[in-house]
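According to full-length UniProt numbering, numbering within the sequence shown proceeds without interruption in unit steps and concludes at 100.
Yeah, the Cβ is synthetic: ideal placement off N, Cα and C, and Gly gets one too.
Remarks on the structure that follows.
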Amino acid sequence: MINLLKTKVGRLRIIAILEGFSLLTLVFIAVPLKYGFDNPALVKMMGPIHGSLFLLFLFNTLSVGVEQNWKFKETTWKVLLACIIPFGTFYVDKKILSKL
1 MINLLKTKVG RLRIIAILEG FSLLTLVFIA VPLKYGFDNP ALVKMMGPIH GSLFLLFLFN
61 TLSVGVEQNW KFKETTWKVL LACIIPFGTF YVDKKILSKL
């Protein structure tokens with residue numbers, strides 16, 4: 001894990017995993033608590049965290065894409081699309097980012 005912090009691609013992978021887990025927390029824990037048990041506290045806490053991680057993932061993807069000279073049509077758009085598709089960050093980490 002420490003090795004991931006040393007490179008921009010490694011940091012992007014960490015952000016991707018955190019973004020994915022924040023979405024899992026929202027979808028499977030916070031939203032059911034909000035609507036099933038009338039307790040919106042976790043949504044209020046996790047919503048901004050997930051939004052921040054989402055934006056951080058977008059900006060870091062563009063930064064890494066420029067640094068690594070990714071061709072937009074080959075790599076960058078796939079990585080950007082991953083954060084829009086639910087749980088796509090896990091897929092892109094496994095199939096693209098782990099191989100860089």
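Which of the three DSSP states is assigned to tryptophan 77 in this structure?
Within the sequence shown, numbered from 1, the residue matching residue 77 stands at position 77. Correct three-state label for tryptophan 77: helix.
Member of Ile2, Leu4 and Ile15 whose CA lies at the smallest distance from the CA of phenylalanine 90:
Taking the first residue of the sequence shown as position 1, residue 90 is located at position 90. Among Ile2, Leu4 and Ile15, the Cα nearest to that of phenylalanine 90 is on Ile15.
Could you have a look at proline 48 and say whether DSSP puts it in helix, strand or coil?
Working through the sequence shown from its first residue, we reach residue 48 at position 48. For proline 48, the secondary structure class from DSSP, reduced to helix, strand or coil, is helix.
Taking just the CA atoms, how far does threonine 76 sit from leucine 62?
As a first step, residue 62 must be located in the sequence shown, where it is residue number 62. As a first step, residue 76 must be located in the sequence shown, where it is residue number 76. Computed Cα separation, rounded: 7 Å.
Should lysine 34 and valine 43 be called a contact, given that it needs their Cβ atoms to be closer than 7 Å?
Translated into the one-based positions of the sequence shown, residue 34 becomes position 34. Translated into the one-based positions of the sequence shown, residue 43 becomes position 43. For lysine 34 and valine 43, yes; Cβs fall inside 7 Å.
Our contact map puts lysine 8 next to glutamate 67 with C-beta atoms below 8 Å; I'd like the distance itself, whole angstroms only.
Stepping through the sequence shown from its first residue, residue 8 is reached at position 8. Stepping through the sequence shown from its first residue, residue 67 is reached at position 67. The pair is a contact, with the Cβ atoms about 6 Å apart (cut-off 8 Å).
My assumption, with CB atoms under 8 Å, is that proline 86 sits in contact with leucine 23. Please give the rounded CB distance.
Here residue 86 is taken as the residue at index 86 of the sequence shown, counted from 1. Here residue 23 is taken as the residue at index 23 of the sequence shown, counted from 1. Right, their Cβ atoms sit about 6 Å apart.
For the alpha helix (DSSP H) holding lysine 95, just list the boundary residues, first then last.
Here residue 95 corresponds to residue number 95 of the sequence shown, with the count starting at 1. Element bounds for lysine 95: 88-95.
Quick one: what does DSSP say threonine 7 is sitting in, helix, strand or coil?
What you label residue 7 is simply residue 7 of the sequence shown in a count that begins at 1. Of the three classes helix, strand and coil, the one that applies to threonine 7 here is coil, per DSSP.
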